[in-house]
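**Student:** First the structure, then my questions, so here it is.
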Amino acid sequence: MINEKTAPALNIKDLCVAYQQEGEWWEAVHEVSLQIQPGEIYGLVGESGSGKTTLALAVLRYLGKNGMIRQGKIELSGVDLVQLQPAEMRKLWGHQMALIPQNPQSSLNPAMRVGDQIAEVYRHTQDMETGEARHKAVEMLREVNIPDPGRVTLSYPHQLSGGMQQRVLIAMALSSNPSLLILDEPTTNLDVTTQATILDLLRSLIEQRQTAALYITHNLAVVAQMCRRAGVLYAGRLVEEAFINELFARPLHPYTQGLLESMPRLGDHKDSVRLRAIEGRAPVFGDIPSGCVFRPRCPIANEICETNPPLSVLPEGRKVRCHRWEVSLNEAGRSHLPDGRSDRNTTEKHQLQPLLSLEGVSVHYPLKRSLREVVRREPKRAVRAVEGMDLKILSGQTLGLVGESGSGKSTLARATLGVVDKTAGTIELLGIQLPDKLSRRTLDTLRKVQSVFQNPEEALNPYLTVGEILQRPMMTLLGWSRQEAIGRVPDLLRAVRLPAMYAERLPTQLSGGEKQRVAIARASAAKPNLLICDEPVSALDVSVQASILNLLEDLQAEHGNSLLFISHDMAVVGFLADTIAVIYLGELVEIAETGDLFKSPYHPYTEALLSAIPGTKVESRRVAAPLVGEIPSPIEKPGGCPFHSRCPRLVGEICKRQPPPWQSQQGSSKRYLCHIPWEELQAQQGDIQGFEISRG
Amino acid sequence: MLGYSLRRLGFLLLTVLLTSVIIFSVTQWLPGDVCRIILGREAGEKALDACRQDLGLEAPLPVQYLRWLADFSGGDWGQSFSTRTDIFPLVMQRLLNSLRLAVLTLLISVPLAVGLGVLAGLNEGKLVDNLISIGSLSVVGLPEFVTGILLIQLFSFELRRWGLPSLPANSSIRPEAGFVESLPSLILPAITATLVLLAYIARLTRSGVLEEMKQSYVRTADLKGLPRHIVVVRHILPNALLPTITVIAISFGWLISGLVVIENVFNYPGLGRLLVFAIDRRDLPLMQAVALVTVVGFALANLVADLVYALLNPRIRYTEGN
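Sequence lines, in order, name chains L and X. Going by this note's numbering, the residue at position 149 of the first sequence is 149; the numbering climbs one at a time, nothing skipped. Going by this note's numbering, the residue at position 225 of the second sequence is 1225; the numbering climbs one at a time, nothing skipped.
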């Protein structure tokens, strides 16, 4: 369908983009060339700071005052955008080029109805009458599969879910039928199930309209699913470009290899696979190494790499910027661990003591009643964030908690930590009931349960040095003197693989990954029995993510602490957890040991979560069991099975009326909450195709 | 929106009630016996007792407060100690004058200050921005009596000297004067007050505009291909002006009762001067009345600000009680 011979819709040639910082110009994009054909989705992969968003903004000529295109051409349908005046660019925006941004919530005007925000495009760029423009807006919303579009046009952005907001932005971007669409991480902040539907939608729309699309993301799996070709950006340089199949089957650049190896794939488990993290940190502005930019982190670099590597163009239409790509090809591959490496698993599970047990735990947040409700004496309502949760964590084991946002994962963690009060149920630590309130827990209890949060940027006090941050828990929780605590800091830093001199640094001097290491060191400083990690890697780049996962695993092997690991990412949870609990709308719907979880039957919700994951292998397009609608409000929860309103395998009335029973079978650690019995569900599902459950 | 408005109104009533308690107690605690003030230093004990009886000062404080409140709400504000006339018509006349001045000041200052602020924000760091910043800051530093006298000198004396139509230097007006008749007297005081408010509102508007221009939705609006003026008027301004609205409301309260200096410079019969007069004469009932009117004015201005804020900000309109 895509003709290589036709002129490209977008042709970027030798593009250099620089930013001014404190009077000096730093190059953020260096000599990048790429072409995109009409109807083609080109993936641009890179980690934070790689220059991918800068490139997108440069193409849009929306760099801001401190950004400048230093050299190169950006040809859109033959017109060089670099030569155009700002007024001329404004005529191209919304006509020939459009952007679908990362944060749908902040990208919509909060004070304007979404219908008006779409209609505006027609009114001001196509001189349409108000009535007609409104009509077109409704039509556009229908095209992006928004149910009841007439009603949605009257909504304000904050009344819509993230997925709906993103659909509105897609509708807006496509309303002018642009020839170039730039997508900047359009699904990064969305749930995996929402992401799957948005990706499907985008693909079909782009195909229909034969738009050229530049898809920018850090997520290799998404690129694999969406794109035909992709380029890998590192420190502003395009280091590799290839068709998707080849890029994933045979990555040539050591950085691409590193990215692929550092990402846990669904079915990878810590007992059999060691993630290969990329060492070191990405270069920052003004500190770009000479010669090959990847040299300081490259495992196969030698003297030749101190010179600029040429761009090698290979016969099958791929490009790589590396002196030693032929060598790197042979050295690729992840380290597999010998069988039975882990000592932990030799202990039978039933011999392990439960460290933490939750029984019937519910957390409700009461809602304030409106005046009308008070007058009408309507009953008080509550957000039922967690409902009747039974869970156990064995000592030395990891319990993974997965679910969409709003499923109650974090609330459960907070109730365990004692930062929110539970409404019902008991939480026991080593057989002793924990009081709800943090203030009523003993120091020893506080020591035993520590936590690592999602965003390391906000988790460290910016006015304390790393050393001071680490001393605190030892002094307050262990009662050590300052001298003793100072003495232990180097050990702690060593344990999280940071040099001892970091004790003197302030958090602002650290990268995101380093901050998260400090947060982990702080949490483990007082030797906790349970470490609660709430999405500890989701704010980090893939290559950094791997090293943090390895670190958590190593610390656990050393100290024998338990982990409560919360993540929306099935592959990450599957890698680290011994047992996985799937929760939906605050209720446990499935629980199994990790190996068993990936075998059918699955709870229909688990099935949906698994099938929504973009395939990491190109051959493995995902199996379709699309989830309908969005997660219901935890205020008016559906009766019967909590999942019935969205279930693709709905049996009938029984699901709406009767709470489902637990299903289980001899020989499997799995149990799931559903009306469909084991064999029947298994017959409907079979094993999920295309994922590598076992490797080697 | 209705529930929200009602709740705001409820808050307003509570605020007024609370401040009425404070005003009542403060005047109670002031040194000096009311009857002695009324009757003079030479009054005998008998006369004093009769006076106290007469004014109900023997009753317990809460009862006195409730009586006072009931009278006050009924429009019976009592008699002024010093002028021996009914307070209600006096205060109302002055309130009307103050409102006229306040409204005219806002009519001049808000469009001007917001306009300058927006202009400065949109041209951040450029010459226009610097001129506006320096200009408005240098005016705000000057005390009102300086700018007031300067204006009188320029627009009253100098113009008259050259035989040109001029504005009155003395802004005292007839009590029965209509708005149009009193307009010439209002202009100079209004300009003086404007100069005080100008820099404040302009700077707040400027920073609001700068803040909103950084938001992603402005980029969305730009990249939709909308003309720049549409982006500014439809997207940036409704969000950028939210903080300004609150400040304008507070300024309105200040304009009603806080213009003591300006009213004195121009000899303008507003509430501020009435308050100073009452304090001078230890005229307790008059003080209470002016204070309470001021409080109600402030509270109403804030209520209006809250409602306008909610009208411009759907997040408030649709999350509270809906």
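Quick reminder that beta carbons are idealized off the backbone N, C-alpha and C, glycines included. None of these values were measured; they are calculated from a predicted model.
#1: Check each candidate in Lys65(L), Leu401(L), Thr256(L) and name the one with the smallest Cα separation from Met1213(X).
#2: Using the DSSP secondary-structure output, state which residues sit across from Arg11(L) in a beta bridge.
#3: Can you give me the C-alpha to C-alpha distance between Ala546(L) and Asp569(L), rounded to a whole angstrom?
#4: Ser1005(X) CB to nearest chain L CB: under 8 Å?
#5: Going by the DSSP bridge assignment, what does Trp26(L) pair with across the sheet?
#6: My parser needs the beta strand (DSSP E) runs of 3 or more residues fully inside the region 156 to 214 of chain L; what are they?
#7: Can you list the residues of chain X that Arg90(L) reaches, using a CB-CB cut of under 9 Å?
#8: So Glu143(L) contacts chain X; which residues on that side make the cut at Cβ distance below 9 Å?
#9: Step through the CB atoms of chain L and report whether any lies within less than 8 Å of the CB of Tyr1200(X).
#10: Quick check on Val1021(X): does DSSP put it in helix, strand or coil?
#11: Any residues in the region 115 to 129 of chain L with a beta carbon nearer than 7 Å to a beta carbon of chain X? Which ones, in chain order?
#12: Would you say Arg1206(X) lies against chain L (beta-carbon separation less than 8 Å)?
#13: If we cut at 8 Å on Cβ distances, does Leu1312(X) have a partner in chain L?
#14: Starting from Gly383(L), follow its DSSP beta bridges and name the residues at the other end.
#15: As a quick exercise: from Gly1056(X), Val1091(X), Leu1096(X), Gln1064(X), pick the residue whose alpha carbon is nearest that of Gly1178(X).
#16: So which of Tyr156(L), His124(L), Val239(L) has the shortest CA-CA distance to Ser50(L)?
#17: Is it true that the CB of Asp436(L) sits closer than 8 Å to the CB of Gly418(L)?
#18: Could you pull the DSSP bridge partners for Ile216(L) from this structure?
#19: List the whole-angstrom C-beta distance separating Val466(L) from Arg505(L), where the pair is believed to meet the contact cut-off of C-beta under 8 Å.
#20: Report all residues from its chain with a CB closer than 7 Å to the CB of Leu358(L); omit the five preceding and five following residues, and keep chain order.
#21: For Met501(L), count neighbouring C-beta atoms within 10 Å of its own C-beta (all shown protein chains included) and say buried if the count is 16 or more, exposed if not.
#22: Taking only the alpha-carbon atoms, compute the straight-line gap between Val1293(X) and Leu1101(X) and give it to the nearest angstrom.
#23: Just the Cα atoms here: how many angstroms apart are Ser645(L) and Ala581(L)?
#24: State the start and end residues of the unbroken alpha helix (DSSP H) segment that holds Ile1087(X).
#25: From Leu1104(X) to Gln117(L), what does the alpha carbon distance come to, in whole angstroms?
#26: Using the Cα positions of Glu326(L) and Asn1123(X), report the straight-line distance between them to the nearest angstrom.
#27: Is DSSP giving Phe1252(X) helix, strand or coil here?
#28: Which residues, in order along the region 1237 to 1270 of chain X, keep a beta-carbon less than 7 Å from a beta-carbon of chain L?
#29: In the structure shown, what three-state DSSP assignment does Arg414(L) receive?
#30: Consider the Cβ of Ser1020(X): report whether some Cβ of chain L lies at a distance smaller than 8 Å.
#31: On the criterion of 16 or more Cβ atoms from any shown chain inside 10 Å, does Lys91(L) qualify as buried, or is it exposed?
#32: Distance check for Asn1302(X) and Leu963(X), CA to CA, integer angstroms please.
#33: Go ahead and label His253(L) buried or exposed: buried means 16 or more other beta carbons lie within 10 angstroms of its beta carbon, across all protein chains shown.
#34: DSSP beta-bridge partners for Arg321(L)?
#35: Answer with yes or no whether the minimum CB distance from Arg1008(X) to chain L is below 8 Å.
#36: In terms of residues, what are the limits of the alpha helix (DSSP H) holding Ile427(L)?
**Tutor:** Straight from the coordinates:
#1: Lys65(L)
#2: At residue 11(L) the sequence reads Asn, which differs from the Arg that was named. Answer is Gln35(L), Glu75(L).
#3: 13 Å
#4: no
#5: Tyr19(L)
#6: 180 to 184
#7: Asp1222, Gly1225, Leu1226, Pro1227, Arg1228
#8: The contacting residues do not exist; Glu143(L) stays about 17 Å from chain X at best.
#9: no
#10: helix
#11: Glu120, Val121, His124, Thr125
#12: no
#13: yes
#14: What sits at residue 383(L) in the sequence shown is Val, not Gly. Tyr365(L).
#15: Leu1096(X)
#16: Val239(L)
#17: yes
#18: Leu44(L), Asp184(L)
#19: 5 Å
#20: Met389, Asp390, Leu391, Gly425, Ile427
#21: exposed
#22: 16 Å
#23: 21 Å
#24: 1087 to 1122
#25: 36 Å
#26: 54 Å
#27: helix
#28: Pro1238, Asn1239
#29: helix
#30: no
#31: exposed
#32: Nothing about residue 963(X) can be reported from this structure: the residues present for chain X run from 1001 to 1322 only.
#33: buried
#34: Leu311(L)
#35: no
#36: No alpha helix (DSSP H) holds Ile427(L); the beta strand (DSSP E) holding it covers 424 to 429.
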